[in-house]
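Engineer: Counted from 1, the sequence shown has number 82 at position 82 by UniProt numbering; the numbering is strictly sequential. Beta carbons are placed, not taken as given, at the ideal position from N, Cα and C, and that holds for glycine.
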Amino acid sequence: IILSVLPFFFHLEKLFSKNFICGFEFWCIGILSSAMIFHEVKKGRRYSISMICSFFVYIFVFIAGGYEYLKNKFSYNIVASDSEIAFSNLLILLWQILFFISPIFTRNTRIILNFDRKSNLTISASSKKILIILCFIIGLIYVAINGVGVLFNRTYNNENFAASTQALTSILKILKNGLGMWTLYICAIDYKKNHTSSLYVLFSFMACIILIPPLATARTFVLITYGGFFLIMSKRLKKGMNFFLLILFLDLFAAPVFNLFRNGFSGDKALLFNTLSDFKDSFLKSDYDAYTMFLGSVKYVSNYDITYGLQLLSAILFFVPRSLWKNKAIGSGATVMAALKTANVSNISCPIFAEAYINFGLVGIVIFSLFLGNIVYKIDYAYWNSSDESFSAIKSIYPFFTLFILIVFRGDLLNAYSWTIGYILDLLVIIKLFMKKKQQMINNEAQSSDMII
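#1: Tell me the DSSP bridge mates of T292?
#2: Assuming G30 and F9 are in contact, meaning their beta carbons sit under 8 Å apart, how far apart are those beta carbons, in whole angstroms?
#3: Following the continuous alpha helix (DSSP H) through A382, name the residue where it begins and the one where it ends.
#4: Could you please give me the residues that DSSP links to T122 through a beta bridge?
#5: Closer than 6 Å by C-beta to S418: which residues in its own chain qualify, once you throw out the five before and the five after it? Chain order, please.
#6: Once DSSP output is grouped into helix, strand and coil, what is the label at L425?
#7: Here's the rule: buried if 16 or more other CB atoms are within 10 angstroms of the residue's CB, otherwise exposed. What is I453?
#8: Return the chain-ordered list of same chain residues with a C-beta closer than 6 Å to the C-beta of Y423, the five sequence neighbours on each side being excluded.
#9: Given a cut-off of 9 Å, decide if Y291 and F136 are closer than it, judged by their beta-carbon atoms.
#10: Using a threshold of 9 Å, state whether the C-beta atoms of V143 and I210 are closer than that.
#11: Nearest-angstrom Cα distance between Y308 and Y357?
#12: Using DSSP with H/G/I as helix, E/B as strand and the rest coil, what is L113?
#13: Give the DSSP-derived three-state secondary structure of T420 in the structure shown.
#14: Between the Cα of Y47 and the Cα atoms of F283, K235, N72, V363, which residue gives the shortest distance?
#15: Rank K43, V5, I2, L32 by C-alpha distance to the C-alpha of Y377 and give the top, closest one.
#16: What is the rounded straight-line gap between the Cα of T335 and the Cα of A354?
#17: Have a look at L32 and L3 and give me their C-alpha separation to the nearest angstrom.
#18: Report the residue from S126, C22, M51, L12 whose alpha carbon sits nearest the alpha carbon of I405.
#19: Please classify A216 as buried or exposed, where buried requires at least 16 other C-beta atoms within 10 Å of its C-beta.
#20: Have a look at A338 and V408 and give me their C-alpha separation to the nearest angstrom.
#21: Between the alpha carbons of T225 and F400, how many angstroms are there, rounded?
#22: Terminal residues of the continuous alpha helix (DSSP H) containing I37?
#23: Helix, strand or coil: how does DSSP classify R46 here?
#24: Closest to D82 by CA distance: which of L15, F38, P103 is it?
#25: Grouping DSSP H, G and I as helix and E and B as strand, with all else coil, what is S164?
#26: Could you compute how far the alpha carbon of H39 sits from the alpha carbon of M241?
#27: Give a yes or no on contact between the region 18-30 and the region 78-93, applying the rule of three or more CB pairs nearer than 8 Å.
#28: I'd like to check one pair, L151 with P213: are the Cβ atoms closer than 9 Å?
#29: Quick check on A125: buried or exposed, where buried means 16 or more other Cβ atoms within 10 Å of its Cβ?
#30: For residue 475, count the other beta carbons within 10 Å of its own beta carbon; 16 or more makes it buried, fewer makes it exposed. Which is it?
#31: If you draw a straight line from the C-alpha of K436 to the C-alpha of S127, how long is it?
#32: Alpha carbon to alpha carbon, how far is I141 from G65? Give it in angstroms, no decimals.
#33: When you compare the CB positions of G333 and I348, do they come within less than 9 Å of one another, or not?
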């Protein structure tokens, strides 16, 4: 019902009178993404990565993109003709269809993502204490050096966290945020699976608040960190419909409020009221620029041709310094804006289907959608068919990646891929240093008992 009513709240029925073909395509995108969300809910799964992928298209393309087109107000002064919009919408429809049917091509193939095999892990109380203490030490040192303002103001937080290079800044942020988030997740999972003391969850949550302050961190990372935590802790939230409604509420209402803290918020009640009452206008801002950037990417390819995989290769080899690779590409969003010259911005998104089109054109749309659709299907299938008793890496990664897929889909690919690899490596290091296989832990405890005797 909500998915059916929301478009009329934004007056998207007027798209047909503006341009029937474009309006028809927008509504096809909305109906198809709604059907895919409903399909996931009907599966009986409590939540899934596939659901979030469809949610992204519904909100960022159908609602935000349709509203931008209706108001003739695209971000970054980008201008697109009706024919360009119609062509772009066709590409997105093709992406949706192929993404949805991609599992058909591999349904009979072996699922190689076996997350239970040799992965039943456990963590000792002493290891949890060390992780929590380490989080507090790093967090308090950071606050002591930079001041309490880093906990309440996003701009102040970013300025005080800037290192000598952008790459070093990203690495330090991943290490800091990853330590806090994974410590919280591990303590939460251990509490739910093994009924350990809730104090570990409480103190790890407090430490995480310092390392990843909700009011001074990008709203997407706040959603990923704390949304993943509540997914682990709450059975009701895991239900597909409850999960979807919460994500929808956070995106429509909570996100604009979080944006007030981007440059500091003095507590002005009038400003808060206006933000909530005019929340529709937030869809015209750069936070929902995915559709705009796809239009820009289509214009870029039309004017300059595809990059023949350079953007993709640069993302995969993100760790190679530019001093060694002179022709290494910058982010796709920055590449598009530098070419179109409609706005002076560099740190900008580029949705995954735009990345596909910039790299390989129509062929890229086909390959990317089939590949990602298949990978998402396999991860969803493997997780929901794994043992509830096992405590494996996927138990932490899945709640994280269910929400992190929003960053992957919004882009750009260079940043999203490097952050994905960084966070996963963070977790693997923690597992290697602080966790053991359950049988190994039992054997160690038995040996200790023998020595005492």
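Structural biologist: Taking the definition as stated:
#1: By 1-based counting over the sequence shown, the position of residue 292 is 292. Its beta-bridge partners do not exist; DSSP assigns none.
#2: Start at 1 with the first residue of the sequence shown, and residue 30 comes out as number 30. Start at 1 with the first residue of the sequence shown, and residue 9 comes out as number 9. With a Cβ gap of about 13 Å, G30 and F9 do not count as contacting.
#3: Position 382 of the sequence shown, counted from the start, is the residue given in the question as residue 382. Unbroken alpha helix (DSSP H) run through A382: 362-384.
#4: What you label residue 122 is simply residue 122 of the sequence shown in a count that begins at 1. Answer by DSSP bridge pairing, in chain order: K436.
#5: As a first step, residue 418 is located in the sequence shown; it is residue number 418 there, counting from the start. So the list reads F318, once near-sequence residues are dropped.
#6: Position 425 of the sequence shown holds residue 425. Correct three-state label for L425: helix.
#7: Counting from 1 along the sequence shown, the entry for residue 453 is found at position 453. Here I453 scores only 33 on pLDDT, less than 50, and its place in the model should not be relied on; the value that follows carries that caveat. Per the 10 Å Cβ criterion, exposed.
#8: As a position in the sequence shown, residue 423 is number 423, starting the count at 1. G178.
#9: In the sequence shown, counting from the first residue as 1, residue 136 sits at position 136. In the sequence shown, counting from the first residue as 1, residue 291 sits at position 291. For F136 and Y291, no; Cβs fall outside 9 Å.
#10: For the purposes of this step, residue 143 is taken as the residue at position 143 of the sequence shown. For the purposes of this step, residue 210 is taken as the residue at position 210 of the sequence shown. Yes, Cβ-Cβ distance for V143 and I210 is below 9 Å.
#11: Your numbering for residue 308 matches position 308 in the sequence shown. Your numbering for residue 357 matches position 357 in the sequence shown. Roughly 10 Å separates the two Cα atoms.
#12: Looking up residue 113 in the sequence shown gives position 113. In this prediction, L113 has a pLDDT of 47, which is less than 50 and means its spatial position is unreliable; what the coordinates show is noted afterwards. It is coil, neither helix nor strand.
#13: As a first step, residue 420 is located in the sequence shown; it is residue number 420 there, counting from the start. DSSP places T420 in helix when its eight states are reduced to three.
#14: What you label residue 47 is simply residue 47 of the sequence shown in a count that begins at 1. Y47 has its Cα closest to that of K235, out of F283, K235, N72, V363.
#15: Here residue 377 corresponds to residue number 377 of the sequence shown, with the count starting at 1. Comparing Cα-Cα distances from Y377 to each of K43, V5, I2, L32, the minimum goes to K43.
#16: Residue numbering aside, residue 335 sits at position 335 when the sequence shown is read from its first letter. Residue numbering aside, residue 354 sits at position 354 when the sequence shown is read from its first letter. Roughly 12 Å separates the two Cα atoms.
#17: For the purposes of this step, residue 32 is identified with residue 32 of the sequence shown, where counting begins at 1. For the purposes of this step, residue 3 is identified with residue 3 of the sequence shown, where counting begins at 1. One C-alpha to the other measures close to 11 Å.
#18: Position 405 of the sequence shown holds residue 405. Answer by Cα proximity: M51.
#19: Residue numbering aside, residue 216 sits at position 216 when the sequence shown is read from its first letter. Per the 10 Å Cβ criterion, buried.
#20: In the sequence shown, counting from the first residue as 1, residue 338 sits at position 338. In the sequence shown, counting from the first residue as 1, residue 408 sits at position 408. Answer to the nearest angstrom: the Cα atoms are 22 Å apart.
#21: Counting from one through the sequence shown, the residue named residue 225 turns up at place 225. Counting from one through the sequence shown, the residue named residue 400 turns up at place 400. Their Cα atoms are separated by approximately 7 Å.
#22: On the sequence shown, residue 37 is found 37 positions in, with the first residue counted as 1. That run of the alpha helix (DSSP H) goes 20-42.
#23: Residue numbering aside, residue 46 sits at position 46 when the sequence shown is read from its first letter. Three-state result, R46: coil.
#24: Translated into the one-based positions of the sequence shown, residue 82 becomes position 82. Cα-wise, what sits closest to D82 is L15.
#25: Stepping through the sequence shown from its first residue, residue 164 is reached at position 164. In this prediction, S164 scores a pLDDT of 47, lower than 50, which makes its location untrustworthy; the coordinate-derived value is nonetheless stated afterwards. DSSP places S164 in coil when its eight states are reduced to three.
#26: Numbered from 1 along the sequence shown, position 39 holds the residue referred to as residue 39. Numbered from 1 along the sequence shown, position 241 holds the residue referred to as residue 241. H39 and M241: Cα-Cα distance of roughly 11 Å.
#27: yes
#28: In the sequence shown, residue 213 corresponds to position 213, counting from 1. In the sequence shown, residue 151 corresponds to position 151, counting from 1. A contact, by the Cβ cut-off of 9 Å.
#29: Counting from one through the sequence shown, the residue named residue 125 turns up at place 125. When all chains shown are included, A125 counts as exposed.
#30: With the chain covering 1 to 453 only, the question about residue 475 has no answer from this structure.
#31: Taking the sequence shown and counting its residues from 1, one reaches residue 436 at position 436. Taking the sequence shown and counting its residues from 1, one reaches residue 127 at position 127. Computed Cα separation, rounded: 10 Å.
#32: Within the sequence shown, residue 65 is the residue found at index 65, counting from 1. Within the sequence shown, residue 141 is the residue found at index 141, counting from 1. Going from the Cα of G65 to the Cα of I141 covers about 43 Å.
#33: The count along the sequence shown starts at 1 and reaches residue 333 at position 333. The count along the sequence shown starts at 1 and reaches residue 348 at position 348. Yes.
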